[in-house]
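In our numbering, the protein residues as written are 22 to 399.
Below: the structure, in C-alpha coordinates.
Printed below as a string of C-alpha coordinates:
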(Lines of atoms letter the chains of each structure in order from A and count residues from 1; the text may use other names and numbers.)
(Lines give C-alpha, C1' and ligand atoms only; values in the text may rest on other atoms or scores of the structure.)
Protein backbone atom coordinates (compact mmCIF):
# COMPACT_ATOMS: atom_id res chain seq x y z
CA UNK A 1 0.00 0.00 0.00
CA UNK A 2 1.16 3.52 -0.73
CA UNK A 3 -0.20 6.96 -1.52
CA UNK A 4 -3.25 7.51 -3.68
CA UNK A 5 -1.67 9.38 -6.62
CA UNK A 6 -2.47 8.29 -10.18
CA UNK A 7 -4.99 5.69 -9.09
CA UNK A 8 -8.57 4.99 -9.93
CA UNK A 9 -11.13 6.79 -7.86
CA UNK A 10 -14.10 5.01 -6.33
CA UNK A 11 -17.53 6.65 -6.47
CA UNK A 12 -17.18 7.42 -2.75
CA UNK A 13 -13.60 8.73 -2.85
CA UNK A 14 -14.43 12.30 -1.85
CA UNK A 15 -16.96 11.06 0.71
CA UNK A 16 -14.29 8.93 2.42
CA UNK A 17 -11.91 11.89 2.61
CA UNK A 18 -14.64 14.11 4.03
CA UNK A 19 -15.18 11.49 6.74
CA UNK A 20 -11.50 11.71 7.70
CA UNK A 21 -10.30 8.52 6.02
CA UNK A 22 -6.62 7.88 5.41
CA UNK A 23 -6.46 6.76 1.79
CA UNK A 24 -4.02 4.18 0.44
CA UNK A 25 -3.37 2.31 -2.78
CA UNK A 26 -5.15 -1.04 -2.98
CA UNK A 27 -5.90 -3.05 -6.14
CA UNK A 28 -5.18 0.05 -8.22
CA UNK A 29 -7.69 2.21 -6.36
CA UNK A 30 -7.46 4.91 -3.72
CA UNK A 31 -9.22 3.29 -0.78
CA UNK A 32 -9.78 4.10 2.90
CA UNK A 33 -7.56 2.06 5.24
CA UNK A 34 -8.94 3.62 8.41
CA UNK A 35 -10.99 6.50 9.82
CA UNK A 36 -10.64 6.65 13.61
CA UNK A 37 -8.36 3.61 13.97
CA UNK A 38 -8.27 -0.06 13.04
CA UNK A 39 -8.81 -1.39 16.57
CA UNK A 40 -11.84 0.84 17.24
CA UNK A 41 -13.36 0.13 13.81
CA UNK A 42 -12.86 -3.62 14.21
CA UNK A 43 -14.56 -3.75 17.61
CA UNK A 44 -17.37 -1.44 16.44
CA UNK A 45 -18.18 -3.86 13.62
CA UNK A 46 -18.21 -6.86 15.97
CA UNK A 47 -20.62 -5.07 18.31
CA UNK A 48 -22.67 -2.81 16.01
CA UNK A 49 -22.53 -2.36 12.22
CA UNK A 50 -19.77 -1.20 9.90
CA UNK A 51 -20.12 0.12 6.35
CA UNK A 52 -17.36 -0.97 3.96
CA UNK A 53 -16.82 0.38 0.45
CA UNK A 54 -15.92 -2.59 -1.75
CA UNK A 55 -16.71 -0.92 -5.06
CA UNK A 56 -13.26 -1.90 -6.36
CA UNK A 57 -14.54 -5.44 -6.77
CA UNK A 58 -15.75 -6.59 -10.16
CA UNK A 59 -19.49 -7.01 -10.74
CA UNK A 60 -20.14 -9.15 -13.81
CA UNK A 61 -23.47 -10.14 -15.35
CA UNK A 62 -23.30 -13.18 -17.63
CA UNK A 63 -26.03 -14.17 -20.07
CA UNK A 64 -26.55 -16.15 -23.25
CA UNK A 65 -27.31 -19.54 -24.75
CA UNK A 66 -25.81 -22.50 -22.89
CA UNK A 67 -24.73 -20.26 -20.01
CA UNK A 68 -24.71 -22.88 -17.25
CA UNK A 69 -22.69 -25.44 -19.19
CA UNK A 70 -20.19 -22.80 -20.29
CA UNK A 71 -19.64 -21.60 -16.72
CA UNK A 72 -19.43 -25.13 -15.33
CA UNK A 73 -16.55 -25.76 -17.74
CA UNK A 74 -14.57 -23.08 -15.85
CA UNK A 75 -15.85 -23.30 -12.25
CA UNK A 76 -16.31 -26.40 -10.06
CA UNK A 77 -19.88 -25.33 -9.29
CA UNK A 78 -23.12 -27.29 -9.73
CA UNK A 79 -25.43 -24.74 -11.31
CA UNK A 80 -28.31 -27.21 -11.50
CA UNK A 81 -28.77 -26.66 -7.74
CA UNK A 82 -28.37 -22.87 -7.86
CA UNK A 83 -31.93 -21.58 -7.81
CA UNK A 84 -33.20 -18.05 -8.37
CA UNK A 85 -32.13 -16.00 -5.36
CA UNK A 86 -29.30 -18.35 -4.37
CA UNK A 87 -25.70 -17.24 -3.99
CA UNK A 88 -22.70 -19.54 -3.80
CA UNK A 89 -18.96 -19.33 -3.26
CA UNK A 90 -16.86 -20.70 -6.10
CA UNK A 91 -13.38 -20.72 -7.58
CA UNK A 92 -11.80 -19.79 -10.88
CA UNK A 93 -9.11 -22.42 -11.51
CA UNK A 94 -6.20 -22.89 -13.89
CA UNK A 95 -5.39 -26.13 -15.69
CA UNK A 96 -3.18 -27.27 -12.79
CA UNK A 97 -5.90 -26.75 -10.19
CA UNK A 98 -4.36 -23.52 -8.91
CA UNK A 99 -6.69 -20.75 -7.75
CA UNK A 100 -6.93 -17.79 -10.15
CA UNK A 101 -9.59 -16.15 -7.98
CA UNK A 102 -12.36 -16.89 -5.53
CA UNK A 103 -15.74 -15.36 -6.26
CA UNK A 104 -19.46 -15.29 -5.58
CA UNK A 105 -22.05 -16.55 -8.07
CA UNK A 106 -25.74 -15.62 -7.85
CA UNK A 107 -28.69 -16.76 -9.96
CA UNK A 108 -30.54 -13.83 -11.51
CA UNK A 109 -33.45 -14.27 -13.97
CA UNK A 110 -31.83 -15.80 -17.09
CA UNK A 111 -28.42 -14.56 -15.92
CA UNK A 112 -25.57 -15.26 -13.53
CA UNK A 113 -24.15 -12.46 -11.39
CA UNK A 114 -20.49 -12.81 -10.41
CA UNK A 115 -18.57 -10.73 -7.88
CA UNK A 116 -14.80 -11.09 -8.30
CA UNK A 117 -11.84 -9.67 -6.41
CA UNK A 118 -10.72 -6.15 -7.28
CA UNK A 119 -7.05 -7.03 -7.68
CA UNK A 120 -7.81 -9.77 -10.20
CA UNK A 121 -10.94 -8.54 -11.96
CA UNK A 122 -9.29 -7.49 -15.22
CA UNK A 123 -7.44 -10.82 -15.47
CA UNK A 124 -10.66 -12.64 -14.56
CA UNK A 125 -12.61 -10.85 -17.28
CA UNK A 126 -9.93 -11.63 -19.85
CA UNK A 127 -9.87 -15.28 -18.76
CA UNK A 128 -13.65 -15.57 -18.95
CA UNK A 129 -13.82 -13.90 -22.37
CA UNK A 130 -11.12 -16.22 -23.68
CA UNK A 131 -12.63 -19.43 -22.33
CA UNK A 132 -16.42 -18.96 -22.33
CA UNK A 133 -18.33 -19.78 -25.49
CA UNK A 134 -19.09 -17.02 -27.99
CA UNK A 135 -22.77 -17.30 -27.10
CA UNK A 136 -22.10 -15.98 -23.59
CA UNK A 137 -22.07 -12.21 -23.04
CA UNK A 138 -20.08 -10.68 -20.18
CA UNK A 139 -21.39 -7.33 -18.97
CA UNK A 140 -18.94 -5.63 -16.60
CA UNK A 141 -21.14 -3.38 -14.46
CA UNK A 142 -18.67 -0.53 -14.06
CA UNK A 143 -21.52 1.87 -13.37
CA UNK A 144 -22.37 0.18 -10.07
CA UNK A 145 -20.98 0.56 -6.56
CA UNK A 146 -20.80 -2.20 -3.96
CA UNK A 147 -21.18 -1.55 -0.23
CA UNK A 148 -20.97 -4.09 2.59
CA UNK A 149 -22.90 -3.50 5.81
CA UNK A 150 -21.60 -5.90 8.44
CA UNK A 151 -22.25 -6.59 12.11
CA UNK A 152 -24.95 -7.78 14.52
CA UNK A 153 -26.96 -4.56 14.09
CA UNK A 154 -26.67 -4.43 10.29
CA UNK A 155 -30.14 -5.88 9.73
CA UNK A 156 -31.84 -3.35 12.03
CA UNK A 157 -30.11 -0.41 10.34
CA UNK A 158 -30.79 -1.57 6.78
CA UNK A 159 -34.37 -2.76 7.29
CA UNK A 160 -35.54 0.77 8.08
CA UNK A 161 -34.81 1.86 4.52
CA UNK A 162 -35.56 -1.22 2.38
CA UNK A 163 -38.77 -2.18 0.64
CA UNK A 164 -39.43 -4.94 -1.88
CA UNK A 165 -41.77 -7.68 -2.99
CA UNK A 166 -40.62 -9.55 0.11
CA UNK A 167 -39.38 -8.15 3.46
CA UNK A 168 -35.63 -8.03 4.04
CA UNK A 169 -36.06 -10.64 6.79
CA UNK A 170 -36.73 -13.28 4.11
CA UNK A 171 -33.04 -13.16 3.15
CA UNK A 172 -30.85 -15.70 4.89
CA UNK A 173 -27.11 -16.26 4.55
CA UNK A 174 -25.99 -16.65 0.91
CA UNK A 175 -29.28 -15.52 -0.62
CA UNK A 176 -30.14 -12.29 -2.42
CA UNK A 177 -33.03 -10.25 -3.70
CA UNK A 178 -33.88 -7.08 -5.60
CA UNK A 179 -35.14 -4.25 -3.38
CA UNK A 180 -35.43 -0.49 -3.24
CA UNK A 181 -33.27 1.35 -0.71
CA UNK A 182 -34.83 4.75 -0.10
CA UNK A 183 -36.22 4.56 -3.63
CA UNK A 184 -32.91 3.43 -5.19
CA UNK A 185 -32.89 0.02 -6.91
CA UNK A 186 -30.53 -2.31 -5.04
CA UNK A 187 -29.48 -5.93 -5.39
CA UNK A 188 -28.88 -7.07 -1.82
CA UNK A 189 -27.30 -10.34 -0.67
CA UNK A 190 -26.98 -11.56 2.90
CA UNK A 191 -23.26 -12.20 2.86
CA UNK A 192 -19.94 -10.60 3.68
CA UNK A 193 -16.32 -11.01 4.67
CA UNK A 194 -16.23 -10.47 8.43
CA UNK A 195 -17.81 -13.58 9.95
CA UNK A 196 -20.73 -11.43 11.09
CA UNK A 197 -24.29 -11.23 9.84
CA UNK A 198 -24.48 -8.62 7.14
CA UNK A 199 -25.31 -7.57 3.62
CA UNK A 200 -23.62 -6.66 0.36
CA UNK A 201 -25.47 -3.96 -1.54
CA UNK A 202 -25.07 -3.34 -5.28
CA UNK A 203 -26.40 0.07 -6.34
CA UNK A 204 -25.92 2.59 -9.15
CA UNK A 205 -22.58 4.32 -8.65
CA UNK A 206 -24.14 7.77 -8.86
CA UNK A 207 -26.31 6.92 -5.85
CA UNK A 208 -23.50 5.55 -3.67
CA UNK A 209 -22.98 8.71 -1.63
CA UNK A 210 -26.67 9.04 -0.89
CA UNK A 211 -26.86 5.44 0.33
CA UNK A 212 -23.64 5.64 2.35
CA UNK A 213 -24.78 8.84 4.06
CA UNK A 214 -28.23 7.40 4.71
CA UNK A 215 -26.81 4.30 6.41
CA UNK A 216 -24.13 6.12 8.37
CA UNK A 217 -26.79 8.46 9.77
CA UNK A 218 -28.12 5.43 11.64
CA UNK A 219 -26.74 5.27 15.19
CA UNK A 220 -25.58 1.67 14.70
CA UNK A 221 -23.44 2.37 11.65
CA UNK A 222 -19.95 3.82 11.11
CA UNK A 223 -17.71 3.75 8.02
CA UNK A 224 -14.96 1.14 8.33
CA UNK A 225 -11.69 0.88 6.42
CA UNK A 226 -9.58 -1.83 4.83
CA UNK A 227 -7.45 -2.31 7.95
CA UNK A 228 -10.33 -3.54 10.07
CA UNK A 229 -11.73 -5.51 7.12
CA UNK A 230 -8.49 -7.49 7.08
CA UNK A 231 -8.37 -8.16 10.82
CA UNK A 232 -12.07 -9.10 10.85
CA UNK A 233 -11.69 -11.61 8.01
CA UNK A 234 -8.54 -13.07 9.62
CA UNK A 235 -10.37 -13.71 12.90
CA UNK A 236 -13.17 -15.29 10.86
CA UNK A 237 -10.66 -17.65 9.20
CA UNK A 238 -11.48 -16.34 5.71
CA UNK A 239 -8.65 -16.53 3.15
CA UNK A 240 -7.59 -13.48 1.16
CA UNK A 241 -6.74 -13.89 -2.51
CA UNK A 242 -3.14 -12.94 -3.29
CA UNK A 243 -2.07 -13.95 0.22
CA UNK A 244 -3.68 -17.21 1.34
CA UNK A 245 -4.87 -18.13 -2.16
CA UNK A 246 -2.94 -17.99 -5.44
CA UNK A 247 -2.22 -20.06 -8.56
CA UNK A 248 0.32 -21.91 -6.38
CA UNK A 249 -2.41 -23.15 -4.02
CA UNK A 250 -5.15 -25.68 -4.65
CA UNK A 251 -8.62 -25.44 -3.11
CA UNK A 252 -8.01 -28.64 -1.14
CA UNK A 253 -4.80 -27.31 0.39
CA UNK A 254 -6.73 -24.17 1.32
CA UNK A 255 -9.57 -26.09 3.00
CA UNK A 256 -12.09 -25.00 0.37
CA UNK A 257 -13.52 -28.35 -0.65
CA UNK A 258 -17.00 -26.90 -0.02
CA UNK A 259 -16.35 -24.73 -3.10
CA UNK A 260 -16.29 -27.88 -5.23
CA UNK A 261 -19.88 -29.05 -5.28
CA UNK A 262 -20.79 -32.69 -4.73
CA UNK A 263 -21.69 -33.56 -8.33
CA UNK A 264 -18.49 -31.99 -9.63
CA UNK A 265 -16.40 -34.04 -7.19
CA UNK A 266 -17.73 -37.20 -8.78
CA UNK A 267 -17.92 -36.04 -12.41
CA UNK A 268 -14.96 -33.66 -12.71
CA UNK A 269 -14.95 -31.73 -15.98
CA UNK A 270 -13.46 -28.49 -14.62
CA UNK A 271 -9.90 -27.11 -14.90
CA UNK A 272 -7.41 -28.94 -12.69
CA UNK A 273 -9.91 -31.67 -11.84
CA UNK A 274 -7.32 -34.45 -12.02
CA UNK A 275 -5.12 -32.91 -9.34
CA UNK A 276 -7.97 -31.69 -7.17
CA UNK A 277 -9.91 -34.97 -7.18
CA UNK A 278 -6.69 -36.84 -6.36
CA UNK A 279 -6.04 -34.51 -3.42
CA UNK A 280 -9.57 -35.11 -2.12
CA UNK A 281 -8.89 -38.86 -2.04
CA UNK A 282 -5.22 -38.91 -1.04
CA UNK A 283 -4.92 -35.66 0.87
CA UNK A 284 -2.77 -32.67 -0.16
CA UNK A 285 0.91 -32.41 0.78
CA UNK A 286 0.28 -29.23 2.79
CA UNK A 287 -2.68 -27.51 4.39
CA UNK A 288 -3.74 -24.00 5.34
CA UNK A 289 -4.06 -23.80 9.13
CA UNK A 290 -4.82 -21.28 11.82
CA UNK A 291 -1.97 -20.33 14.14
CA UNK A 292 -2.21 -18.98 17.68
CA UNK A 293 0.85 -16.93 18.58
CA UNK A 294 2.43 -16.76 22.05
CA UNK A 295 3.29 -13.35 23.40
CA UNK A 296 2.50 -10.00 21.80
CA UNK A 297 4.69 -9.97 18.67
CA UNK A 298 2.58 -10.26 15.49
CA UNK A 299 3.76 -12.79 12.93
CA UNK A 300 3.37 -11.38 9.43
CA UNK A 301 3.00 -12.78 5.93
CA UNK A 302 6.15 -14.45 4.63
CA UNK A 303 7.52 -15.58 8.00
CA UNK A 304 8.92 -19.13 7.72
CA UNK A 305 7.35 -21.77 9.97
CA UNK A 306 9.54 -24.34 11.70
CA UNK A 307 9.11 -27.65 13.51
CA UNK A 308 12.40 -27.88 15.34
CA UNK A 309 15.16 -27.07 12.86
CA UNK A 310 13.10 -27.97 9.80
CA UNK A 311 11.08 -25.39 7.87
CA UNK A 312 7.68 -26.95 7.24
CA UNK A 313 5.67 -23.98 6.02
CA UNK A 314 5.14 -20.26 5.67
CA UNK A 315 2.77 -17.66 7.12
CA UNK A 316 0.37 -16.18 4.55
CA UNK A 317 -1.62 -13.76 6.78
CA UNK A 318 -1.03 -12.52 10.29
CA UNK A 319 -1.58 -9.70 12.72
CA UNK A 320 -3.10 -8.69 16.03
CA UNK A 321 -6.69 -9.87 16.50
CA UNK A 322 -8.64 -7.29 18.52
CA UNK A 323 -11.53 -9.60 19.42
CA UNK A 324 -9.15 -12.40 20.43
CA UNK A 325 -6.80 -10.05 22.25
CA UNK A 326 -3.68 -11.69 20.84
CA UNK A 327 -1.72 -12.14 17.61
CA UNK A 328 -3.01 -14.79 15.21
CA UNK A 329 -1.98 -16.00 11.77
CA UNK A 330 -2.77 -18.34 8.91
CA UNK A 331 -0.25 -20.30 6.92
CA UNK A 332 0.51 -23.43 4.95
CA UNK A 333 2.25 -26.26 6.77
CA UNK A 334 3.23 -29.79 5.76
CA UNK A 335 0.22 -32.07 6.17
CA UNK A 336 1.89 -34.12 8.91
CA UNK A 337 2.09 -30.99 11.10
CA UNK A 338 -1.50 -29.72 10.77
CA UNK A 339 -3.14 -31.27 13.85
CA UNK A 340 -4.77 -28.81 16.27
CA UNK A 341 -2.35 -27.98 19.06
CA UNK A 342 0.83 -28.92 17.17
CA UNK A 343 3.63 -26.70 18.56
CA UNK A 344 5.53 -24.75 15.91
CA UNK A 345 7.69 -21.65 15.64
CA UNK A 346 7.84 -18.72 13.25
CA UNK A 347 11.01 -16.82 12.52
CA UNK A 348 10.54 -13.06 12.91
CA UNK A 349 13.54 -10.76 12.47
CA UNK A 350 15.93 -13.58 13.32
CA UNK A 351 14.03 -14.65 16.44
CA UNK A 352 11.84 -17.69 16.97
CA UNK A 353 8.27 -16.97 18.06
CA UNK A 354 6.36 -19.92 19.60
CA UNK A 355 2.93 -20.69 18.21
CA UNK A 356 0.56 -23.62 17.77
CA UNK A 357 -1.86 -24.87 15.14
CA UNK A 358 -5.32 -23.54 16.05
CA UNK A 359 -8.86 -24.25 14.94
CA UNK A 360 -10.42 -21.77 12.53
CA UNK A 361 -12.39 -19.60 12.70
CA UNK A 362 -10.73 -17.93 15.68
CA UNK A 363 -14.12 -16.52 16.68
CA UNK A 364 -17.51 -18.13 15.89
CA UNK A 365 -19.29 -17.10 12.69
CA UNK A 366 -22.61 -15.36 13.30
CA UNK A 367 -24.23 -15.71 9.90
CA UNK A 368 -28.03 -15.63 9.69
CA UNK A 369 -28.63 -19.10 8.28
CA UNK A 370 -31.79 -20.97 7.34
CA UNK A 371 -33.65 -22.35 10.33
CA UNK A 372 -34.18 -25.76 8.68
CA UNK A 373 -30.86 -27.39 7.84
CA UNK A 374 -32.43 -29.79 5.32
CA UNK A 375 -33.05 -26.81 3.03
CA UNK A 376 -29.34 -26.23 2.62
CA UNK A 377 -28.05 -27.04 -0.85
CA UNK A 378 -24.93 -29.01 -1.74
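Beta carbons are placed, not taken as given, at the ideal position from N, Cα and C, and that holds for glycine.
Note that the structure is a prediction, hence the values are computed from the model and not measured.
Residue i - containing alpha helix (DSSP H), residue span
i           : result
residue 60  : 59-68
residue 34  : 34-39
residue 165 : It is not in any alpha helix (DSSP H) - residue 165 instead sits in the beta strand (DSSP E) that spans 165-171.
residue 144 : 142-152
residue 248 : 247-256
residue 190 : Looking at the DSSP string, residue 190 is not in any alpha helix (DSSP H), and its letter there is neither H nor E.
residue 285 : 283-288
9 Å Cβ cutoff met for residue i and residue j
i           : j           : result
residue 136 : residue 80  : yes
residue 342 : residue 255 : yes
residue 94  : residue 152 : yes
residue 221 : residue 169 : yes
residue 352 : residue 324 : yes
residue 228 : residue 205 : yes
residue 382 : residue 316 : no
residue 74  : residue 52  : yes
residue 54  : residue 42  : yes
residue 173 : residue 218 : yes
Backbone CA spacing between residue i and residue j [nearest angstrom]
i           : j           : result
residue 269 : residue 119 : 6 Å
residue 159 : residue 378 : 42 Å
residue 133 : residue 283 : 20 Å
residue 380 : residue 339 : 15 Å
residue 89  : residue 183 : 31 Å
residue 261 : residue 311 : 13 Å
residue 35  : residue 371 : 43 Å
residue 397 : residue 280 : Bear in mind that the predicted position of residue 397 carries a pLDDT of just 31, short of 50, making it too unreliable to give a figure here.
residue 207 : residue 83  : 18 Å
residue 87  : residue 69  : 44 Å
residue 274 : residue 307 : 6 Å
Cutoff 9 Å: residue i Cβ touching any chain D Cβ
i           : result
residue 210 : Of the chains in the structure shown, none is chain D; there is only one protein chain.
First and last residue of the uninterrupted beta strand (DSSP E) at residue i
i           : result
residue 314 : 307-314
residue 109 : 108-114
residue 347 : 347-355
residue 176 : Not the beta strand (DSSP E): residue 176 falls in the alpha helix (DSSP H), residues 175-180.
residue 27  : Looking at the DSSP string, residue 27 is not in any beta strand (DSSP E), and its letter there is neither H nor E.
residue 372 : 372-379
residue 369 : 364-369
Those residues which DSSP pairs with residue i across a bridge
i           : result
residue 262 : 266
residue 129 : 132
residue 295 : DSSP, once it has assigned bridges, lists no residue as partnering residue 295.
residue 160 : 82
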